[in-house]
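In the working numbering, the protein residues as written are 24 to 232.
Ideal placement from N, C-alpha and C gives every residue a C-beta, glycine not left out.
As structure tokens, the structure follows; a few thoughts come after it.
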Ligand code: PRP
Ligand code: URA
């Protein structure tokens with residue numbers, strides 16, 4: 024069963040509350056989402072393996088640690104996942120970036136896929152899928168499926184807010200994918216929005232409403 028990692032760091036929680044506030048406009052929303060994503064990436068990468076590297080300090084030789092093994096791929100779900108990319112890249116600048124376009128049909132709440140472009144060597148990478156909102160879980164599940172179809176066997180899902188319904192769906196459909204979130208909210212409303220949530224993440228990020 025996928026594990027759910029709740030990121031409770033005070034800086035993350037502080038910024039999340041300002042993101043939720045409806046009076047926060049697109050510029051501040053973008054800045055805060057980037058900052059929170061960088062802080063969350065610190066936790067998401069906590070289990071990265073290390074290997075020894077010998078270096079020479081100005082004083083003497085010593086053996087330090089560097090990150091070993093597979094490189095990282097980050098895959099935002101369009102549109103709102105785009106707002107998390109730069110924050111993650113600040114910590115993992117060598118990561119390659121893929122894109123998956125999925126939107127939720129407002130009537131059926133079912134995911135509609137319209138774009139997928141992943142790094143050519145994606146199967147050799149640890150992939151972190153980014154989307155601020157895990158609501159019904161349909162979009163995240165479809166995106167994870169796309170990545171799995173490219174033979175990737177190490178996938179993590181990172182979001183800002185998760186609804187219990189979305190967590191349940193991912194745990195059922197993708198039990199091998201760990202979920203990292205800054206909050207688990209109460210429920211979904213009749214329109215599939217997270218309550219209390221932060222509204223429509225894409226619209227708030229890009230000022231489209
Ligand atoms: C939002 C959000 C997620 C999805 C979550 O995208 O960014 O991708 O909804 O909902 P789900 O868990 O019920 O699938 P939206 O469909 O609004 O598309 P957009 O980012 O292009 O506006
Ligand atoms: N998508 C959003 O942007 N917000 C929600 O609350 C649910 C889905």
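Quiz prompt | Straight-line Cα distance separating residue 127 from residue 161 | solution = Each residue's alpha carbon lies about 8 Å from the other.
Quiz item: When you compare only the Cα positions, how much space is there between residue 177 and residue 166?
Solution: Take the alpha-carbon of residue 177 and the one of residue 166: they are about 14 Å apart.
Quiz item: Does the stretch 146-158 come close enough to the stretch 179-188 to have 3 or more Cβ pairs within less than 8 Å?
Solution: Judged by pairs of C-beta atoms under 8 Å, the stretch 146-158 touches the stretch 179-188, as three or more such pairs exist.
Quiz item: Identify the residues that DSSP records as bridge partners of residue 185: which are they?
Solution: Residue 185 is bridged to 157, 207.
Quiz prompt | Interface flag, residue 120 vs chain C, CB-CB below 9 Å | solution = No chain C appears in this structure, which consists of one protein chain only.
Self-check item: Beta-carbon contacts of residue 104 that lie in its chain and below 6 Å, excluding the five residues immediately before and after
Solution: Annotation for residue 104: 153, 154 place their beta carbon closer than 6 Å to its own, counting only its chain and skipping 5 residues before and after.
Quiz item: Under 8 Å from any heavy atom of ligand 2, does the C-beta of residue 206 make it?
Solution: In this structure, residue 206 has its CB at a distance of at least 8 Å from all heavy atoms of ligand 2.
Quiz item: Which runs of the alpha helix (DSSP H) fall wholly inside the stretch 29-53 and span at least 4 residues, in chain order?
Solution: For the stretch 29-53, whole alpha helix (DSSP H) runs of length 4 or above, ordered along the chain, are 33-43.
Quiz item: Looking only at its own chain, which residues have a Cβ that is under 7 Å from the Cβ of residue 95, when we skip the five neighbours before and after it?
Solution: Same-chain partners within the cutoff: 115, 118, 148, 149, 151.
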